[in-house]
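Residue numbers (the numbering used here): 3 to 105.
Down below is the structure, laid out as structure tokens.
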């Protein structure tokens with residue numbers, strides 16, 4: 003797992019043809035806006051979260067975010083533990099996001 007600043011996360015994301023943006027916030031949080039092209043899988047689903055990430059392609063690069071960076075860090079660690087090699091945590095999360103937002 004790698005913790006990346008917003009600048010690093012964005013630069014790497016846009017230069018990665020294999021990128022997948024993963025939002026691990028609650029559906030209520032997502033209603034307030036999200037990063038374009040993000041897929042939402044709520045980490046609070048517990049086993050349901052594990053079941054959903056197991057369906058994802060482990061060969062892709064995952065750019066993971068939550069509200070502040072804490073849950074996305076946990077999500078990256080969980081993903082690494084089940085065989086995902088490329089999971090990148092957005093430090094500061096969505097609350098510090100300065101890029102484009104879908105409302």
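From the three backbone atoms N, C-alpha and C, an ideal C-beta is built for every residue, glycine too.
Source: prediction; values computed, not measured.
Exposure of residue i, with buried meaning 16 or more beta-carbon neighbours within 10 Å
i, result
"residue 88", "buried"
"residue 74", "buried"
"residue 77", "buried"
"residue 97", "exposed"
"residue 71", "buried"
Nearest candidate by alpha-carbon position, reference residue i, set the options
i, options, result
"residue 22", "6, 4, 42 and 34", "42"
"residue 8", "104, 100 and 86", "100"
"residue 84", "46, 28, 32 and 59", "59"
Contact test: residue i Cβ vs the ligand FAD heavy atom, cutoff 7 Å
i, result
"residue 84", "Absent from the structure shown: the ligand FAD. Ligands present: none."
Residues bridged to residue i [DSSP beta-bridge criterion]
i, result
"residue 104", "36"
Taking 8 Å as the cut-off, does the segment 53-71 touch the segment 6-24 (at least 3 CB pairs, one atom from each stretch)? yes
Give the list of continuous beta strand (DSSP E) stretches no shorter than 3 residues that lie fully inside the segment 43-98. 63-67 and 89-92
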